[in-house]
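Asks:
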Amino acid sequence: MKSFTLVLTVTFDFRGDKEDEIGIKWSSTDGKALSDAPTELNFTIGELMGDCNYALPILSPLFEKFSQNNEPVTATASVKLKREKEHLILSFPEVEEKMENEYLRTFLFKLLTDRKVFLREVKELEKKWY
1 MKSFTLVLTV
11 TFDFRGDKED
21 EIGIKWSSTD
31 GKALSDAPTE
41 LNFTIGELMG
51 DCNYALPILS
61 PLFEKFSQNN
71 EPVTATASVK
81 LKREKEHLIL
91 SFPEVEEKME
101 NEYLRTFLFK
111 LLTDRKVFLR
121 EVKELEKKWY
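In full-length UniProt numbering, the protein residues as written are 1 to 130.
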């Protein structure tokens, strides 16, 4: 089966008075468009994107400690996805070694390996923090 590498870049802007602004950008490697992903990965990729849109704004306070003087923080992580029969094979190529990138890579790992439990934890944090 074909593999596909997704790259997630998130910018957290902590300069706002009321709410943190978050920019989420999805891309791929080797100049591929997201639409070039193998058909068997479309559901997984779509679900992952939706989960990120939900969870990242809630978890943004975790990234605030990486900001100096309320400057924006950018984190990048990539995941290589491959479906073999009913199994999803994951690998996480390293990008620049920064703690905020490690946080984002862990976030993707949890969503892809234990989605329901992780989203429940995010929901609990949402109740606690907001």
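C-beta: ideal position from N, C-alpha, C; glycine also. Fair warning: this is a prediction, and the values are worked out from it, not measured in the lab.
Roughly how many angstroms separate the alpha carbons of Asp71 and Glu47, rounded to a whole number?
Replies: Taking the first residue of the sequence shown as position 1, residue 71 is located at position 71. Taking the first residue of the sequence shown as position 1, residue 47 is located at position 47. What sits at residue 71 in the sequence shown is Glu, not Asp. C-alpha separation (whole angstroms): 30 Å.
Asks: Who are the Cβ neighbours of Val7 in its own chain at under 6 Å, not counting the five residues just before and after it?
Replies: Indexing the sequence shown from 1 puts residue 7 at position 7. Result list for Val7: Ser27 and Ser78, in chain order.
Asks: If you draw a straight line from the alpha carbon of Glu84 to that of Ala33, how long is it in whole angstroms?
Replies: The sequence position of residue 84 within the sequence shown is 84, counting from 1. The sequence position of residue 33 within the sequence shown is 33, counting from 1. Annotation: Glu84 to Ala33 spans about 22 Å, alpha carbon to alpha carbon.
Asks: Tell me the rounded alpha-carbon separation between Ser91 and Lys110.
Replies: On the sequence shown, residue 91 is found 91 positions in, with the first residue counted as 1. On the sequence shown, residue 110 is found 110 positions in, with the first residue counted as 1. Taking the straight line from one Cα to the other gives about 13 Å.
Asks: Taking the alpha-carbon positions, what's the Glu86 to Lys80 distance?
Replies: The residue you call residue 86 lines up with position 86 of the sequence shown. The residue you call residue 80 lines up with position 80 of the sequence shown. Computed Cα separation, rounded: 16 Å.
Asks: What separation, rounded to the nearest whole angstrom, lies between the Cα atoms of Ile89 and Val95?
Replies: Here residue 89 refers to the residue found at position 89 when the sequence shown is read from its first residue. Here residue 95 refers to the residue found at position 95 when the sequence shown is read from its first residue. Rounded to whole angstroms, Ile89 to Val95 spans 19 Å at the Cα level.
Asks: Beta carbon of residue 214, beta carbon of Val122: below 9 Å?
Replies: A question about residue 214 goes unanswered here, because the residues of the chain that appear run from 1 up to 130.
Asks: With distance defined between alpha-carbon atoms, name the residue in Arg15, Met49, Lys127 and Asn69 nearest to Phe107.
Replies: Here residue 107 refers to the residue found at position 107 of the sequence shown. Comparing Cα positions, the closest option is Met49.
Asks: Express the C-alpha separation of Lys2 and Lys82 in angstroms, rounding to a whole number.
Replies: Numbered from 1 along the sequence shown, position 82 holds the residue referred to as residue 82. Numbered from 1 along the sequence shown, position 2 holds the residue referred to as residue 2. Between Lys82 and Lys2, the C-alpha separation is close to 6 Å.
Asks: Mind checking if Ala55 is an interface residue toward chain C, Cβ cutoff 9 Å exclusive?
Replies: Protein chains in the displayed structure number just one, and chain C is not present.
Asks: DSSP on Thr29, reduced to helix/strand/coil?
Replies: Within the sequence shown, the letter at position 29 stands for residue 29. Residue state, collapsed to three classes: coil.
Asks: Let me confirm a value: Arg15 is counted as buried when at least 16 other C-beta atoms fall within 10 Å, else exposed. Which label applies?
Replies: Within the sequence shown, residue 15 is the residue found at index 15, counting from 1. The residue is exposed, with fewer than 16 neighbouring Cβ atoms inside 10 Å.
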